[in-house]
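To start, the structure itself, in structure tokens.
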Amino acid sequence: MQLWLDGRLAAAQDTSISPLAHGLHYGTGVFEGIRAYATDSGPAIFRLDDHLERLRRGAEALGMPLGSGGVDLAALRRGCVEVLAASGLDAAYLRPLVFYEGGGLGLDVAPLKARALVAALPWKNHLGEREARGISLRTSPFRRNAAAALPPLKLCGAYVNSVLAKLEATQAGFEEALFVDGGGFVVECTGENVFLVKDGHLTAVAHPDALPGITRATVIELTGAVSRPVSLDELRAADEIFVTGTSAEVTPVARLDGRVLGVGPVARSLAERYGRVVRGRAEQARGWLTPVAVGV
Ligand code: PMP
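Numbering of the sequence shown is given in this note's numbering, commencing with residue 1037 and proceeding in unit increments.
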């Protein structure tokens, strides 16, 4: 597999990362999850600059401002395009990662050096299987990282919280976990934001501890969904629930704890519409897609 690492393409097996990498020990890195889709005019990356802007904010939070010093956001952007082109893939998952490597194992990051990579992974086509049948969601006994403890950005270490909740949910026979706060308000899932439909009205769950999802913003823009706080009681009474994310796209929730909702018509048609937008087959996609020329 080809990687983009610190400014150039390299075969993954020819690269090396220190076993004492600070990011490995403490999760001091920031990543993104970005999709490239096959469009009628070749592969294109969906909302690349929005993903990179979120990554920039995470890097800044970790004291590694991009643009000044080791890692350059424009270079990382080129890395996303170059690694996708080199991969020959037309549908891919792009994983940029910026992390602290050398400089010691102390917690003061000032002496540390950051490294940057981008990987392009083939997107395994689930043939929309989860979108079609919906997923099962379990209210998690875990709390989401509070924003005052860990800002809702894609900081590597923060994902241990998601892993613990996901593990608990899957061990209980569910596919995904739903974080609810101490006051009974819905936060998000381990890697998705939450929406509900009630009496034909769409609501995007808003919570200060939730990641500001790019798919969430896309769906709000497409549908005019209202963004506001939602209690678990309100969510339980919804006609339809669906989750959004770069990987999940628009995935209906067919079951929440003991309640079976099935797949409703709003989520089903929105999932189809989103699928057209990301592939450039809808007017709204203009400006959201970065075309990538393959094999040049
Ligand atoms: N919440 C969390 C915790 C996530 O990791 C993700 C995936 N990035 C999302 C929500 C959805 O965000 P996006 O639509 O930008 O992928």
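In this text, a Cβ means the ideal position worked out from N, Cα and C, and glycines have one as well.
Residue i Cβ short of 7 angstroms to ligand 1 heavy atom set
i     : result
L1190 : In the sequence as presented, Leu is not what sits at residue 1190; that position holds Lys. K1190 Cβ: within cutoff of ligand 1.
R1252 : yes
S1198 : yes
A1246 : yes
G1059 : no
T1064 : no
G1316 : no
E1204 : no
G1311 : no
G1227 : yes
E1224 : yes
T1326 : no
G1249 : yes
T1280 : yes
G1094 : no
G1069 : yes
Residue from the options whose Cα sits closest to the Cα of residue i
i     : options                       : result
G1069 : A1303, H1087, A1080 and V1255 : H1087
V1119 : E1137, R1291, G1099 and I1081 : I1081
A1048 : L1153, L1191 and V1199        : L1153
G1094 : K1190, P1327, G1323 and T1251 : K1190
G1063 : A1273, D1050 and G1193        : G1193
T1280 : L1238, Q1320 and G1227        : G1227
R1174 : A1208, R1315, W1324 and A1122 : A1208
E1165 : R1312, E1270, A1182 and R1304 : R1304
A1150 : A1242, P1158, L1125 and L1133 : L1133
V1266 : L1238, V1199, P1158 and M1100 : L1238
P1244 : V1299, G1236 and R1264        : R1264
P1101 : L1060, L1271, Y1136 and L1141 : Y1136
R1315 : Y1073, L1056, A1127 and D1050 : Y1073
F1231 : L1039, S1077, F1210 and T1254 : T1254
L1112 : L1041, L1056 and D1269        : L1041
F1221 : R1114, P1288 and A1242        : A1242
V1302 : G1219, R1295 and A1290        : A1290
C1311 : A1168, V1328 and R1272        : According to the sequence as given, residue 1311 is Gly; it is not Cys. Per the Cα distances, A1168.
A1182 : A1246, A1127, P1327 and A1146 : A1246
Y1129 : A1329, S1283 and G1294        : S1283
L1268 : E1257, A1155, L1214 and R1309 : L1214
A1066 : R1090, R1083 and P1158        : The amino acid at residue 1066 is misidentified as Ala; the sequence shows Val. Selected option, being the one with the closest Cα: R1090.
V1330 : L1084, G1124 and A1110        : G1124
V1328 : R1114, I1256, R1092 and L1109 : R1114
Start and end residues, beta strand (DSSP E) containing residue i
i     : result
G995  : This structure cannot speak to residue 995, because the chain is shown only from 1037 to 1332.
E1224 : V1222 to C1225
R1322 : Where R1322 is concerned, there is no enclosing beta strand (DSSP E), given that its DSSP letter is neither H nor E.
V1241 : H1237 to V1241
A1329 : No beta strand (DSSP E) holds A1329; DSSP gives it neither H nor E.
G1065 : G1065 to F1067
According to DSSP, residues forming a beta bridge with residue i
i     : result
S1052 : Per DSSP, none; premise fails for S1052.
L1247 : According to DSSP, which records beta bridges pairwise, L1247 is partnered with nothing at all.
G1078 : T1075
V1230 : V1279
I1070 : L1130
R1174 : A1213
The alpha helix (DSSP H) enclosing residue i, as first and last residue numbers
i     : result
G1059 : H1058 to Y1062
8 angstroms Cβ cutoff, residue i in contact with chain B
i     : result
P1055 : In the displayed structure, chain B is absent; only one protein chain is listed.
Residue ranges of each alpha helix (DSSP H) within the stretch 1176-1217, 4 or longer:
Within the stretch 1176-1217, the complete alpha helix (DSSP H) runs of at least 4 residues are 1195-1207.
Alpha helix (DSSP H) runs wholly inside the stretch 1258-1319, at least 4 long, in chain order
Listed in chain order, they are 1268-1272 and 1301-1314.
Enumerated in chain order, which unbroken segments of the alpha helix (DSSP H) with a length of 4 residues or greater are wholly contained in the stretch 1082-1170?
List check, alpha helix (DSSP H) in window: 1084-1097, 1109-1123 and 1165-1169.
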